[in-house]
Each structure stands twice: as structure tokens, then as C-alpha cells.
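Colleague:
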Amino acid sequence: MDTIQNYINSGILELYVLGMTTDEENIEITKFAEENIEIKEEIDSISKALQITSEAFAPEISPASKAMIMATIDYTERLKNGEEYAIAPLLNKNSTVADFKTWINRPNMQVSEDYETIDAKIISASEEATTLIVWLKHGAPIEVHDKEYEHFLIVEGSCTITIGEEAHDLVAGSYLSIPLFIGHSVAVTSDIACKIILQRVAA
Numbered sequence: 001m002d003t004i005q006n007y008i009n010s011g012i013l014e015l016y017v018l019g020m021t022t023d024e025e026n027i028e029i030t031k032f033a034e035e036n037i038e039i040k041e042e043i044d045s046i047s048k049a050l051q052i053t054s055e056a057f058a059p060e061i062s063p064a065s066k067a068m069i070m071a072t073i074d075y076t077e078r079l080k081n082g083e084e085y086a087i088a089p090l091l092n093k094n095s096t097v098a099d100f101k102t103w104i105n106r107p108n109m110q111v112s113e114d115y116e117t118i119d120a121k122i123i124s125a126s127e128e129a130t131t132l133i134v135w136l137k138h139g140a141p142i143e144v145h146d147k148e149y150e151h152f153l154i155v156e157g158s159c160t161i162t163i164g165e166e167a168h169d170l171v172a173g174s175y176l177s178i179p180l181f182i183g184h185s186v187a188v189t190s191d192i193a194c195k196i197i198l199q200r201v202a203a
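Counting in full-length UniProt numbering, the sequence shown runs without a single skipped number right up to 203 at its last residue.
#1: By the DSSP assignment, the alpha helix (DSSP H) with F152 in it spans what residues?
#2: Give a yes or no on whether the C-beta atoms belonging to T117 and P63 are separated by under 7 Å.
#3: Of the residues A67, I87, I192, which one's Cα is nearest the Cα of I154?
#4: Within the same chain, show all residues whose beta-carbon is closer than 6 Å to that of residue 216, passing over the 5 residues directly before and after it, in chain order.
#5: How is the alpha helix (DSSP H) around L63 delimited, first residue to last?
#6: Starting from T160, trace the beta strand (DSSP E) both ways and give me its first and last residue.
#7: Skipping 5 residues on each side, what residues in its chain have a beta carbon closer than 6 Å to that of I12?
#8: Buried or exposed, going by whether 16 or more other CB atoms sit within 10 Å of the CB of Y75?
#9: Report yes if the CB atom of G157 is closer than 7 Å to the CB atom of S190, and no otherwise.
#10: Once the 5 residues before and after residue 205 are set aside, which same chain residues still bring their CB inside 7 Å of it?
#11: Suppose contacts are defined by Cβ-Cβ distances below 7 Å. Is I123 in contact with A88 by that definition?
#12: Report yes if the C-beta of H138 is less than 6 Å from at least one heavy atom of the ligand NAD; otherwise report no.
#13: Closest by CA to L91, which one among S185, H151, T102, G173?
#14: Since L170 is in the alpha helix (DSSP H), which residue starts that stretch and which ends it?
#15: How many Å lie between I8 and F100 at the Cα?
#16: Pull up the CB-CB distance for A86 and Q199, whole angstroms please, since I reckon it's below 8 Å.
#17: Per DSSP, what are the beta-bridge partners of Y7 in this structure?
#18: In three-state terms, what does DSSP make of P107?
#19: Using the Cα positions of L136 and V188, report the straight-line distance between them to the nearest angstrom.
Have a look at this one:
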């Protein structure tokens, strides 16, 4: 039983549902699911949990959406494995990178070695706000928010965030708030990935 639970807690079933496992792993998981009802039920549970997201971004999940799904899975697993639930401070013009050093310096909050264009780790999530560490290699396409305010605090690297027709050049330590109903995009301007504290607050 412990072996089955360890397998479930490993995160491989979430990757399987997302279609991100190898052929060899697929064969192994299919066999385990046939032999163990707990694994089959866990796969069904994960599939249902991700169904709404999958339908919303069909037929192809964007890199940003995939990064958010993986960050959510990672965050859920961390809490399941005993991480203490915490609420990150709300970002504002007086915020500093040091305010988030507890999370920035943690070994399990570092960038994935094999990420393509965007990676993310959730610091905290509540009805009021979701706070993440985000790594961007190139940037992010235009978005418009009508239900949540978005706030940026640059940790490393630099980028230009364009809000409407106004460009804002940001470096480490810079803060920027995004208003509702106005399109904005991000272009990384540094040689290294731009590492950002990103916070989305319910309007």
C-alpha cells in the first residue's frame, strides 16, 4: 500500500494525464492501473480535475497554460507532502525582492532545468490572490484582464512591459501594476531569463 501511495505522490500520474510521459512510462502506468484500483481512481480524479482547463484551452494548450497547470500540480503535491500553507504579502510600490526571499531561496522553488519558454512555481493561492515565481525566456503575449489586477516585481533580468501603447522598462527591483481592461505584453530584454514575482489579485 505504501508503494502505491508513493507512486501516486510522485507526480507521474499528473504527467501521464497531460500526455507528458514516455512510451515506456505509459505502458508501466497502464499496467499498474489495470492491477491497482487506487491508481486507476487517481488517474480518473486527475483527469476530471484538469478537464475544465483542457477544454478551455483546446485544441492546444499554450506554453503559459501548461506552465500554470504544472505549477498547480506541483503546489498541490507540496501541500499534500506537508508544506505549511502560507499567504504571500500583497505586492505594492514599496515591495522589495527581500520580502519574498523565504520562497525565492527554497530548493523546491527553483526553475526547472528543461523548461522551454516559461516556468512557474506557486508561492500561495487563495480566493483573494495568487502569487507565483515566474521565469520568462522571451516574453508573454498580449493579455487583457477584467476580473483581476496583475502586479509584477522583477527579481532577476530585465524586461519591457507594454500597457496599451506605453512601454515600461523594468530591471531587478522594479514594480509595476497592470490596470483592468487594457492589453499588456512582456518582452524579455536581458540575456538571462527574467525572473518575476507575479501576483494576480481579485478585482
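Every residue, glycine too, gets a C-beta built ideally from N, C-alpha and C.
Modeller: Walking through what the data contain:
#1: Where F152 is concerned, there is no enclosing alpha helix (DSSP H), although the beta strand (DSSP E) it sits in stretches over 148-156.
#2: yes
#3: I192
#4: What the structure shows of the chain is the stretch from 1 to 203, and residue 216 is not part of that stretch, so it cannot be assessed.
#5: Residue identity differs from the one stated: residue 63 is Pro in this sequence, not Leu. Segment 63-80, the alpha helix (DSSP H) holding P63.
#6: 159-163
#7: none
#8: buried
#9: yes
#10: Lying outside 1 to 203, the shown extent of the chain, residue 205 is not represented and no answer is given.
#11: yes
#12: Absence of the ligand NAD from the depicted structure is noted, as is the absence of any ligand whatsoever, leaving it without description.
#13: H151
#14: Segment 166-170 is the beta strand (DSSP E) holding L170; no alpha helix (DSSP H) there.
#15: 31 Å
#16: Actually they do not touch by this definition, with Cβ atoms about 14 Å apart.
#17: DSSP, once it has assigned bridges, lists no residue as partnering Y7.
#18: helix
#19: 7 Å
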